[in-house]
Each structure stands twice: as C-alpha cells, then as structure tokens.
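Okay, so the sequence shown: first residue is 31 according to the numbering used here, each after it adds one.
For glycine and all other residues, C-beta sits at the position ideal for the given N, C-alpha and C.
Given the structure is predicted, the values throughout are model-derived calculations rather than measurements.
I have placed the structure first, in the form of structure tokens, so that the comments after it can refer back to it.
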Amino acid sequence: MEPSIDYKALFAATPSPYLVLSPDLMIVGVNDAYLQATGRSRGDLVGQYLFDAFPDNPADANADGVRNLGASLHRVLRSRQPDTMAVQKYDIPVPPRPGMFEERWWSPINTPVLGPDGQVAWIIHRVEDVTDFVRSRRIHPAGGPLGKPEVMEAELYARARELQRLNEELRQAHARERQVAVTLQEAMLHSPDLDRHPDVAVRYLPAVGSLNVCGDWFDVVDLPGDSFGAAVGDVVGHGLEAAAVMGMLRSALSAAVRALHEPAKSLEVLGLYARSVEGALATTAVQVVIDTRPRRITYSSAGHPPPVLLHPGGTYDLLDQATDPPLGARPEHVPRPQAALTYNPGDILVMYTDGLIERRDQDIDAGLHQLTDALARHARLSPDHLADALLTRLGVIGGARDDIALVIIRL
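If you want it as structure tokens, here you go:
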C-alpha cells in the first residue's frame with residue numbers, strides 16, 4: 031500500500047520560491063522559500079493582488095517588472111502552457127521601510143494548473159533569486175578586466191534580454207496577424223439567414239495552433255416556402271489556403287441550394303465547380319433541406335460523417351442512407367444520391383465535421399459512438415447548451431488537432 035503524501039507540507043518545504051495565483055492574479059498560496067526570499071509574511075501576501083503586493087519601483091524610471099510579468103501570466107492564461115521568462119530585474123519593497131525598494135534580479139517560470147474543464151484554475155509562479163550572480167558579474171572580483179568566462183556570461187545575459195524583447199515583438203506581430211485571420215474567418219462564415227433561426231446553434235473551432243482560419247464550414251440558408259437548408263463541409267488542410275478554398279466552395283453550395291432547393295443536385299453542382307478549384311478535391315460536405323410543413327428532412331452527403339437526428343427520449347437516427355464519395359473522387363460526373371426522413375417536434379438535428387469525433391488513437395466509429403452517447407445523455411438541453419455540453423464531453427472545448435464545425439437545430 032502506497033503511503034499517503036502530505037502535499038501541503040511538501041509545497042511549504044519546497045526549496046525554490048513559489049507563489050500560487052488565481053486566474054485573476056490574486057495570491058492564494060505561498061511557500062516558506064518565497065517568504066524568506068522576499069522578507070514578507072504569509073499574512074502580507076495571501077489574498078493580495080499580485081501587483082499590489084509587488085508594484086514597480088517608483089524610483090526606477092526603467093522598471094518593467096510589472097509589465098513583463100503581467101504579459102507572461104496572461105500568456106499562460108490564454109495558451110494554458112508554461113511560460114519561461116528571461117532574467118528579470120524586479121525590485122521588491124523593503125517591509126520595515128515603507129516606500130523603499132531593494133534591487134533584485136529573478137529567473138521566473140509561470141506554469142498553469144488546469145481544472146476539470148480544461149481551463150486554467152491556478153498559476154504556479156516559481157522564481158530563483160539570481161541577484162548575487164548578476165551583481166558579481168558587474169565588476170570583476172579583483173577589480174581588473176573581465177575574464178573569458180565572465181564575458182561569456184555577460185553576453186548570454188544580454189542576449190537573453192534581447193531575445194525577450196524580440197519574442198515580445200513577435201507575439202505582437204502574431205496577435206495582429208491573428209486578428210486579421212479572425213476577421214477573415216468571420217466574414218467567410220457569416221450566415222445572414224442564421225439570425226432568423228433562434229433554435230439553431232453553431233460552433234466553429236479552428237485546429238489548435240492555427241491562425242483561427244481553417245477549411246471547415248457551416249451554413250444556414252432560407253428557402254422558399256416553409257423550408258431552409260443547412261450544410262457543413264470540410265476542405266483538406268489548414269491555414270489560409272484551405273480557408274480560401276473553403277470560402278469558394280461554401281459560397282458555391284449556398285448559391286446552388288438557393289437555386290435548386292435539392293441537396294443532391296446542389297452537391298452535384300458543387301462537385302463540378304470543385305474540379306476547377308485547386309485544393310478542392312477530396313472535400314467532404316453534407317447538405318440538408320428541412321421542410322417544416324410536412325416535417326421532412328431531405329439530405330445528401332459527399333463522403334461526410336452522418337448527421338444525427340436525436341429524439342427527446344435519447345434515441346436517434348443516423349442520416350447515412352445517401353452517402354457518396356467526396357468531391358472529385360470519381361473521374362466522371364455521376365448523379366448523387368438523396369434520401370429523406372420525417373421528424374417530430376422537439377427532435378434535434380446535429381451536423382458536424384470529423385474533428386469532433388476523429389482521434390488518432392481510435393477508430394472513427396468509436397468517436398461516433400461517443401457522440402451519440404453524449405447526445406443521449408443531454409437530449410433535453412437547448413441547442414446552445416447542447417453544443418457546449420458536446421464539446422466538453424468529447425474533450426474538445428478548447429480545440430482539437432483538427433478543425434471543428436458544429437450545427438445543432440431544434441426542429
């Protein structure tokens with residue numbers, strides 16, 4: 031039998047200085063080494079906002095500790111990844127002498143602790159006090175010129191500071207590029223008719239690490255009479271090139287279904303168009319038309335995972351009776367299949383791309399089973415709540431290796 035470990039005592043005795051911060055940067059825990067390094071008491075720090083407890087030295091016009099540490103902590107909150115900072119000058123208040131600060135140099139690492147929902151619950155702020163090392167390298171101990179080891183150490187320190195500056199510039203440039211990408215994605219996925227459908231929820235999650243634009247899409251379009259169409263599609267690849275192809279195919283399918291009102295014929299037109307678009311072959315898509323008067327769903331799929339028609343009791347039907355190969359898979363044009371089924375008021379139609387259910391370590395059928403199991407457990411939720419519940423239960427609320435488009439329609 032393994033002995034129980036007193037983690038609280040272990041944390042308190044850890045030799046490196048540690049702070050534990052909440053996501054709003056309040057100090058919620060501190061170990062003995064940190065108290066010793068800063069000359070503060072636990073009562074001084076716990077419950078304090080970090081930068082109230084440790085402000086910049088007002089006498090140092092070049093002080094940038096608050097700015098640099100704050101930027102690092104917010105990167106941890108956004109990325110949910112550890113962030114190692116360069117050696118940082120960050121003077122600390124001298125407790126017995128109000129208004130006085132003591133020069134200090136630190137080597138900090140900020141590490142997230144994730145909660146059950148995958149979000150940052152705590153941040154561990156670990157530092158090493160390197161003040162003595164920095165001071166010892168300012169002047170050679172003998173008062174003479176610096177030797178080769180000291181010169182190398184000084185250069186390494188200077189380069190570390192320069193790398194920190196360049197990394198910050200790169201982050202700012204990436205943030206600007208990402209904002210352009212977000213604007214592009216929002217423009218490409220804009221569905222004007224969606225606003226007239228309060229019982230439709232949509233979600234779009236780009237692949238983790240992407241600029242926020244990828245090849246998946248969704249669309250909702252109003253059709254004549256009491257009908258409307260919905261579609262999801264998936265272009266092979268990620269990034270701006272896949273997004274550009276996605277934008278062309280999405281527009282083409284939207285126009286086709288508005289003109290033809292039939293899923294199969296609309297996908298036939300899309301397939302013909304895809305032959306002239308570089309990067310469009312092997313795209314998958316599914317188009318449905320929902321006629322609310324006879325309560326009928328007509329659909330056709332081009333190699334896409336089957337939509338799910340969920341019933342209030344948790345049972346479901348897969349829309350898998352009209353599936354054909356992806357766009358461009360056949361050398362010659364062949365009419366695509368089409369199928370239809372009826373629905374009852376309160377049923378929910380779930381359409382998605384394969385990023386929702388596909389995992390590298392399991393068969394896609396296992397992912398589909400997990401999806402239908404999650405749907406059965408949450409059959410009575412509203413479309414918005416169901417969308418979030420699905421993403422959470424399938425472990426992709428923060429994104430996945432592949433893009434995800436999700437459309438949930440309460441009928």
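* **Buried/exposed call for I434, threshold 16 Cβ in 10 Å** => buried
* Which residue or residues does DSSP assign as beta-bridge partners of Q470? -> One cannot answer for residue 470 here, as it falls past the ends of the chain, which runs 31 to 441.
* According to DSSP, which residues form a beta bridge with K119? -> W135
* Asked: With DSSP run on the structure shown, which of helix, strand or coil describes D502?
  -> Residue 502 lies beyond the range of the chain shown here (31 to 441); nothing can be said about it.
* To do: Just mark D121 as buried or exposed, buried being the case when its beta carbon has 16 or more other beta carbons within 10 Å.
  => buried
* To do: From the DSSP output, in three-state form, read off E158 for me.
  => strand
* **Validate contact between the region 392 to 407 and the region 415 to 428 using beta carbons, cut 8 Å, 3 pairs** => yes
* Do you know offhand how far A231's Cα is from V96's? -> 41 Å
* Asked: Thinking C-alpha only, which one of A274, F131, R325, A272 is nearest P88?
  -> F131
* In whole angstroms, what separates the C-alpha of Q66 from that of D54? -> 25 Å
* To do: Kindly indicate the opening and closing residues of the beta strand (DSSP E) around G245.
  => 244 to 253
* Which residue's Cα is closest to the Cα of A273: P254, Y234, R110, G259? -> Y234
* Asked: Taking just the CA atoms, how far does L386 sit from L49?
  -> 37 Å
* Cutoff 6 Å; reference V265; Cβ partners in own chain excluding five residues on either side -> G245, A272, V275, M276, T313
* **Assumed close pair V117, W135 - CB separation to whole angstroms, cut-off 8 Å** => 6 Å
* Hey, would you say D223 sits closer than 9 Å to V251, going by beta carbons? -> yes
* **Three-state class that DSSP yields for T402 in the structure shown** => helix
* **Alpha-carbon to alpha-carbon, M56 and P142** => 14 Å
* **Nearest-angstrom Cβ-Cβ length linking L444 and S330, presumed shorter than 8 Å** => Outside the displayed span of the chain (31 to 441) sits residue 444, for which this structure offers no information.
* Helix, strand or coil at M56 according to DSSP, with G and I counted as helix -> strand
* Output the boundary residues of the beta strand (DSSP E) element that contains Y373. => Unbroken run through Y373: none, as it is neither H nor E.
* **Through-space distance from D377 to I439, alpha-carbon basis** => 8 Å
* Asked: Is R70 near the ligand MN, in the sense that its beta carbon is under 8 Å from a heavy atom of that ligand?
  -> As far as ligands go, the structure on display features none, and thus does not contain the ligand MN.
* To do: Output the residue ranges of the beta strand (DSSP E) runs that lie fully inside the region 50 to 102 and measure 3 residues or longer, sorted by chain position.
  => 57 to 60
* Asked: Would you report the Cα separation of P355 and G333, rounded to the nearest angstrom?
  -> 5 Å
* Indicate whether the contact test is met: 3 or more Cβ pairs, each with one atom in the region 392 to 406 and one in the region 354 to 371, closer than 8 Å. => no
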